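Okay, structure coming up:
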């Protein structure tokens with residue numbers, strides 16, 4: 001942290017104020033309090049960014065990223081993969097607007113909550129993988145997700161209910177995995193190769209898989225060959241799910257339990273991020 005702070009002060013001087021988060025939600029609370037600043041530099045991963053973005057004034061404040069997490073999906077989408085690139089982006093002082101996904105969810109009992117997601121939201125298999133990885137394999141770093149994904153493929157169970165997207169009619173839901181993505185990446189995996197962070201669409205997949213088809217899909221993603229996809233990937237501006245029973249919802253690496261209904265809608269170009277000029 002001392003090295004990172006020293007590097008940032010060389011660029012920003014006394015404009016830089018440092019807050020070290022102590023727990024999940026701390027970045028959200030700090031952002032809510034700091035309406036007086038022009039923006040934030042997030043030193044962390046997608047979970048830190050999730051907290052921060054949901055506390056920011058998106059209409060006025062800007063965001064810069066210093067990748068220091070397990071997956072760093074949003075940083076990857078912006079081409080900010082290490083310290084040197086992050087510092088170069090700050091020095092260049094250029095920004096670009098990106099989309100976010102607005103998520104509204106209903107809990108058991110009828111309470112509703114709302115968030116913004118920058119990278120990945122999921123129900124079913126992918127959510128369960130993140131929960132298992134965080135609970136048991138986080139010390140293994142980037143290996144935690146491949147290990148958890150293999151174990152979870154053995155015990156995944158389907159979700160039932162109904163779903164619809166855009167202006168289409170409701171249809172029956174019988175799926176093991178739902179993912180709604182704003183970027184190419186789910187953590188450090190290029191799961192949606194055709195996705196773009198500013199195309200005003202989300203890339204989604206609704207799939208029903210068994211152990212072998214899920215593992216085959218995972219291997220296809222890991223290899224970046226994308227020769228096999230378990231389910232059809234499609235672009236959408238809005239997608240909704242109503243489930244028979246409660247499920248885990250994963251939002252940029254954070255787990256929200258007890259969800260019965262959820263909708264995802266693209267918020268076009270609503271966050272200004274620091275990024276390298278397009279010719280670099």
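In our numbering, the protein residues as written are 1 to 280.
Ideal Cβ placement from N, Cα and C applies to all residues, glycine included.
Model, not experiment: these values are computed from the prediction.
Which word fits residue i, buried or exposed, when buried means at least 16 other C-beta atoms lie within 10 angstroms of its C-beta?
| i | result |
| --- | --- |
| residue 358 | Only positions 1 to 280 of the chain appear in this structure, which leaves residue 358 out of reach. |
| residue 127 | buried |
| residue 113 | exposed |
| residue 219 | exposed |
| residue 264 | buried |
| residue 259 | buried |
| residue 192 | buried |
| residue 25 | exposed |
| residue 81 | exposed |
Along the chain, where does the alpha helix (DSSP H) containing residue i start, and where does it finish?
| i | result |
| --- | --- |
| residue 171 | Not the alpha helix (DSSP H): residue 171 falls in the beta strand (DSSP E), residues 171-175. |
| residue 125 | 125-132 |
| residue 46 | 46-55 |
| residue 240 | No alpha helix (DSSP H) contains residue 240, which is instead part of the beta strand (DSSP E) from 238-251. |
| residue 33 | 26-33 |
| residue 213 | 211-223 |
| residue 146 | 144-155 |
| residue 80 | First-last for residue 80: undefined, no H or E at that position. |
| residue 12 | 2-12 |
Could you please give the first and the last residue of the uninterrupted beta strand (DSSP E) stretch that includes residue i?
| i | result |
| --- | --- |
| residue 274 | 254-274 |
| residue 17 | Neither: residue 17 is in no beta strand (DSSP E) and is coded neither H nor E. |
| residue 74 | Note, residue 74: premise wrong, no beta strand (DSSP E); alpha helix (DSSP H) at 73-77. |
Quick one: what's got a C-beta closer than 8 Å to residue i's C-beta in the same chain, skipping five residues either side?
| i | result |
| --- | --- |
| residue 11 | 87, 90 and 91 |
| residue 171 | 162, 163 and 164 |
| residue 280 | At residue 280, the pLDDT of 43 sits below 50, so the modelled position is not reliable and the matter cannot be decided from this model. |
With residue i and residue j assumed to form a contact (beta carbons below 8 Å), what rounded beta-carbon distance in angstroms separates them?
| i | j | result |
| --- | --- | --- |
| residue 221 | residue 189 | 5 Å |
| residue 121 | residue 103 | 6 Å |
| residue 98 | residue 197 | 5 Å |
For residue i, which residues in the same chain have their Cβ closer than 7 Å to its Cβ, ignoring the five residues on either side in sequence?
| i | result |
| --- | --- |
| residue 257 | 248 |
| residue 74 | 46, 49, 65, 118, 119 and 183 |
| residue 8 | 16 and 41 |
| residue 125 | 152, 156, 176, 177 and 214 |
| residue 130 | 250, 253 and 255 |
In chain order, what residues of the same chain lie with their CB nearer than 6 Å to the CB of residue i, ignoring the 5 residues before and after it?
| i | result |
| --- | --- |
| residue 224 | 190 |
| residue 31 | 52, 55 and 56 |
| residue 144 | 133, 137 and 138 |
| residue 179 | 122, 126 and 205 |
Three or more beta-carbon pairs under 8 Å between the region 240-251 and the region 269-278, yes or no? no
Between the region 29-47 and the region 55-70, can you find at least three pairs of beta-carbon atoms closer than 8 Å? yes
How about the region 47-57 and the region 112-120: do they share at least three Cβ pairs that are nearer than 8 Å? yes
Measuring CB atoms only, is the region 199-206 touching the region 228-239, in the sense that at least three cross pairs come out at less than 8 Å? yes
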